[in-house]
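For the sequence shown, the working numbering gives the first residue as -18, with consecutive numbering after it.
Heads up, the beta-carbon is just placed ideally off N, CA and C, and yes, glycines get one too.
These numbers come from a predicted model, not from an experiment.
Accompanying notes for the structure given below.
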Amino acid sequence: MRRKRKLMILTGILVVCVAGAFGISRIDFEEKMTGTETTIVDVDSADITYLAWNYEDDQLAFAREDGAWTYEPDAKMAVNQDLLDGIAENLSSIISDKKVEEVQSLGVYGLSDPACNITIKTADDTWEIAVGDETFSDGEVYISNGDGYVYLTDSGLIDDISYTLLDCVQKEEIPQMASISEVKVVNEDTSDIIYKENAGYCYSDAYLYYLKDGDAYRNLDNEDTGNTFAALSEFTWTDCVDYYADDTELEYYGLADPAATVTIIYRPVEEDSDDSEDGSDDAEAADDAEDQIFEYEVGSSDNAYYAKLADSNIVYTISEEVYSAAVNASYEKLKPDEVILLDWDTVDSIEMELDGNVYTVDLEKDGDDAYKYTLDGAEVEFDDVLDQILNITAAVDSADDEEDDLPEEEPALNGNKSELKLTFHRNTDEYQTVELEFYQYDGSHCISVLNGDEMNYTDRSPVIDLKEAINSVILDSESGE
């Protein structure tokens, strides 16, 4: 107990001694400080011809000739001119408000091994400035310029040079696009996707996106394709990772043989157009503009995703979303979910063939959103049937139920039995007849065929429900109900 008390007393004495020594040292340290204001650097920033500094692990050096900055070790680097002009402006005036005249040890100020060294040159002068520790208060930092004194200046000086080499690269612009007419993606399944309203390329003008297949067009899902367009055009570079990648480096980034090349034909936003609250002036200006082309390539390596412009060696990181949108752009990924999409205002009658019999339901507009349906002259209820037709979708793989997985082979009839055939007679100038037929495949799936061409696997259950709903309408009409 006595030993423990003695130890506590000695510890307290030691703390007091250390605090006292620190206080004496601090008093002595402050006594050597004067409030002298000193101009360290004062030059017109336009006269600066050279800047060099180190930050983190980078040693940077830039030279300016005829107003243009270049990275001195490698002229191939595209330098962010505005950034370097701003750094030059900030470093053109460095003022110290305090001065240590009797410097006994630079290490006290963090200047024996400076955190940073700055070099500023004009045609006639050179300044070499070492940056040490920040002060305990006042938001200042110790610096020296080799004249034997230590100066204090605003610690914002550190912020002025807190840039790595890749921070100084001039990133290439991703244009603002007022409208996009076409996106061509070259990947494992080359896809040439266009956007066009009222195109007349398929039976329904409700579709806005199409895959160009030779002289033919295949309609695509509006929502999925619209999201793909947005992902491929409305992104930003995440970081610049290489200011000039050679062939070996491009191979590392997966860009020597890109996973996908994206070409976007667009009309730019007109920056100088008159402002308007609804944006109508901008839209009109964009419509008058000429088509522009934006092209880039994507690749991946070690779970990271990279991109570069088609004619550039600057490499950036991109999000997985952008990469996936590019490599997955294909008809199979973007085809419509629904097996058919019709505006019932365009349909005059529907022929239904099942069990070897053909039945015809006539449609007549009855108010704004209602229709009158007749079968063999008798009025019938048919809204539920129409809803079920539009709600049948292409089948997708179930991640949880192996028994519900889709067949691996592409849909092919191979003599399969037709279960239900629907023929829509329309009042349109084109596609006056649209046919949708369902064929039995197995116990879980049917094959839907649209206009004798587009085929999808569909779940069997909703097809059976549709047949039952049609049979119910037929039975009701025959019973006179």
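| So, do the segment 80 to 92 and the segment 116 to 130 have three or more beta carbon pairs nearer to each other than 8 Å? | Segments in contact, yes.
| request: Ignore the nearest five residues each way along the sequence and tell me which others in Trp325's own chain have a CB closer than 8 Å to its CB. | output: As a first step, residue 325 must be located in the sequence shown, where it is residue number 344. When the five nearest sequence neighbours on each side are left out, the beta carbons in the same chain lying within less than 8 Å of the beta carbon of Trp325 are those of Leu344, Tyr352, Leu367, in order along the chain.
| task | Per DSSP, which residues does Ser125 bridge with? Please list them. | result | To locate residue 125, count along the sequence shown from 1; it is residue 144. Ser125 is bridged to Ala111.
| message | According to DSSP, simplified to helix, strand and coil, what is Ile451? | response | The count along the sequence shown starts at 1 and reaches residue 451 at position 470. In the three-state reduction of the DSSP assignment, Ile451 falls in the helix class.
| message | Which of the three DSSP states is assigned to Tyr184 in this structure? | response | As a position in the sequence shown, residue 184 is number 203, starting the count at 1. Three-state DSSP puts Tyr184 in coil, outside helix and strand.
| said: Going by C-alpha to C-alpha distance, which of Ala241, Glu391, Leu65, Lys57 sits closest to Asp148? | reply: Reading the sequence shown from its first residue, position 167 is the one you call residue 148. Checking every option, the nearest Cα to that of Asp148 belongs to Leu65.
| What is the DSSP secondary structure of Glu301, reduced to helix, strand or coil? | Here residue 301 corresponds to residue number 320 of the sequence shown, with the count starting at 1. Residue state, collapsed to three classes: helix.
| What residues match up with Tyr352 in a beta bridge as DSSP calls it? | On the sequence shown, position 371 is the one that residue 352 refers to. Tyr352 pairs with Lys346.
| task | Ignore the nearest five residues each way along the sequence and tell me which others in Asn71's own chain have a CB closer than 6 Å to its CB. | result | Within the sequence shown, residue 71 is the residue found at index 90, counting from 1. Counting only Cβ-Cβ distances below 6 Å, and skipping sequence neighbours, we find Asp141.
| query | What residue does the alpha helix (DSSP H) around Tyr225 start on, and which one ends it? | reply | Position 244 of the sequence shown, counted from the start, is the residue given in the question as residue 225. Here Tyr225 belongs to no alpha helix (DSSP H), and DSSP marks it neither H nor E.
| request: Leaving out five residues on either side along the sequence, give the residues of the same chain with a beta carbon under 8 Å from the beta carbon of Asp227. | output: Working through the sequence shown from its first residue, we reach residue 227 at position 246. Hits under 8 Å: Asn294.
| Residues bridged to Ile76 [DSSP beta-bridge criterion] | Translated into positions along the sequence shown, residue 76 becomes position 95. Paired residue(s): Thr20.
| request: Go ahead and label Val415 buried or exposed: buried means 16 or more other beta carbons lie within 10 angstroms of its beta carbon, across all protein chains shown. | output: Numbered from 1 along the sequence shown, position 434 holds the residue referred to as residue 415. Buried, since its Cβ has 16 or more Cβ neighbours within 10 Å.
| Bridge-paired residues (DSSP) for Glu332 | Numbered from its first residue, the sequence shown carries residue 332 at position 351. Note: Glu332 is bridge-paired with Thr341, Thr404 in the DSSP secondary-structure output.
| Where Leu447 falls, given that 16 or more other Cβ within 10 Å makes a residue buried | The residue given as residue 447 occupies position 466 in the sequence shown. Label assigned to Leu447: buried.
| Spatial distance of Ala393 from Leu387 (CA atoms) | The count along the sequence shown starts at 1 and reaches residue 393 at position 412. The count along the sequence shown starts at 1 and reaches residue 387 at position 406. For Ala393 and Leu387, the distance between alpha carbons rounds to 13 Å.
| field | Reference Asn309, options His406, Leu213, Asp238, Thr374, closest by Cα | value | Walking along the sequence shown from the start, residue 309 turns up at place 328. It is Leu213.
| Can you name, in chain order, every residue of its own chain whose Cβ lies under 6 Å from the Cβ of Ile5, other than the five neighbours on each side? | On the sequence shown, position 24 is the one that residue 5 refers to. Its pLDDT being 37, under 50, Ile5 is placed unreliably by the model, and nothing is read from it.
| said: For Ile539, list the residues DSSP reports as bridge partners. | reply: With the chain running from -18 to 462 in the structure shown, residue 539 is simply not present.
| said: Taking the beta carbon of Asp428 as the centre, do at least 16 other beta carbons fall within 10 Å, making it buried, or is it exposed? | reply: To locate residue 428, count along the sequence shown from 1; it is residue 447. According to the sequence shown, residue 428 is Ile rather than Asp. Note on Ile428: 16 or more other CB atoms within 10 angstroms of its CB, so buried under the neighbour-count rule.
| Of the residues Thr15, Thr327, Glu302, Leu32, which one's Cα is nearest the Cα of Glu82? | Working through the sequence shown from its first residue, we reach residue 82 at position 101. Residue Thr15 is the option with its Cα nearest to Glu82.
| Do the segment 214 to 226 and the segment 307 to 323 meet, that is, are 3 or more Cβ pairs less than 8 Å apart? | No, the segment 214 to 226 is not in contact with the segment 307 to 323.
| query | Can you tell me the Cα-Cα spacing of Leu146 and Gln40, whole angstroms? | reply | Translated into positions along the sequence shown, residue 146 becomes position 165. Translated into positions along the sequence shown, residue 40 becomes position 59. C-alpha separation (whole angstroms): 8 Å.
| said: Beta-carbon within less than 8 Å of Asp259's beta-carbon, same chain only, minus the 5 sequence neighbours each way: which residues are those? | reply: Taking the sequence shown and counting its residues from 1, one reaches residue 259 at position 278. Residue confidence is low: Asp259 scores 41 on pLDDT, short of 50, so the model does not pin down where it sits. Its coordinate-derived value is still stated next. Residues of the same chain with their beta carbon placed closer than 8 Å to that of Asp259 are lacking, with the five preceding and five following residues left out of the count.
| field | Ile331 burial status per 10 Å Cβ neighbour count (16 or more: buried) | value | Taking the sequence shown and counting its residues from 1, the one referred to as residue 331 is at position 350. Per the 10 Å Cβ criterion, buried.
| query | For Leu401, which option in Phe419, Thr244, Ala376 has the closest C-alpha, if you only look at C-alpha atoms? | reply | Along the sequence shown, one-based indexing puts residue 401 at 420. In terms of Cα proximity to Leu401, the closest of Phe419, Thr244, Ala376 is Phe419.
| Taking the alpha carbon of Trp34 as the point to measure from, which residue in Ser93, Glu109, Asp94 has its own alpha carbon closest? | Here residue 34 refers to the residue found at position 53 when the sequence shown is read from its first residue. Cα-wise, what sits closest to Trp34 is Glu109.
| message | Less than 8 Å between the beta carbons of Ile76 and Leu138, yes or no? | response | Against the sequence shown, residue 76 aligns to sequence position 95. Against the sequence shown, residue 138 aligns to sequence position 157. Cβ atoms of Ile76 and Leu138: not closer than 8 Å.
| query | For Lys314, which of helix, strand or coil comes out of DSSP? | reply | What you label residue 314 is simply residue 333 of the sequence shown in a count that begins at 1. Helix at Lys314.
| query | Across which residues does DSSP place Lys289 in a beta bridge pair? | reply | The sequence position of residue 289 within the sequence shown is 308, counting from 1. Partner(s): Glu278.
| task | Measure the alpha-carbon distance for Asn372 versus Asp347 and round it to whole angstroms. | result | In the sequence shown, residue 372 corresponds to position 391, counting from 1. In the sequence shown, residue 347 corresponds to position 366, counting from 1. Going from the Cα of Asn372 to the Cα of Asp347 covers about 23 Å.
| field | Span separating the alpha-carbon of Ser261 from that of Thr116 | value | Here the question's residue 261 lines up with position 280 in the sequence shown. Here the question's residue 116 lines up with position 135 in the sequence shown. Residue confidence is low: Ser261 scores 39 on pLDDT, short of 50, so the model does not pin down where it sits. No coordinate-derived value is stated.
| DSSP bridge partner residues for Cys97 (one or two, in chain order) | The residue you call residue 97 lines up with position 116 of the sequence shown. Note: Cys97 sits in a beta bridge opposite Val112.
| field | Tyr422, DSSP secondary structure in three states | value | Residue 422 sits at position 441 when you count from the first residue of the sequence shown. Tyr422 sits in coil when the DSSP states are folded into three classes, being neither helix nor strand.
| Where does Thr107 land, buried or exposed, given buried means 16+ other C-beta within 10 angstroms? | Position 126 of the sequence shown, counted from the start, is the residue given in the question as residue 107. Exposed, by the Cβ-count rule.
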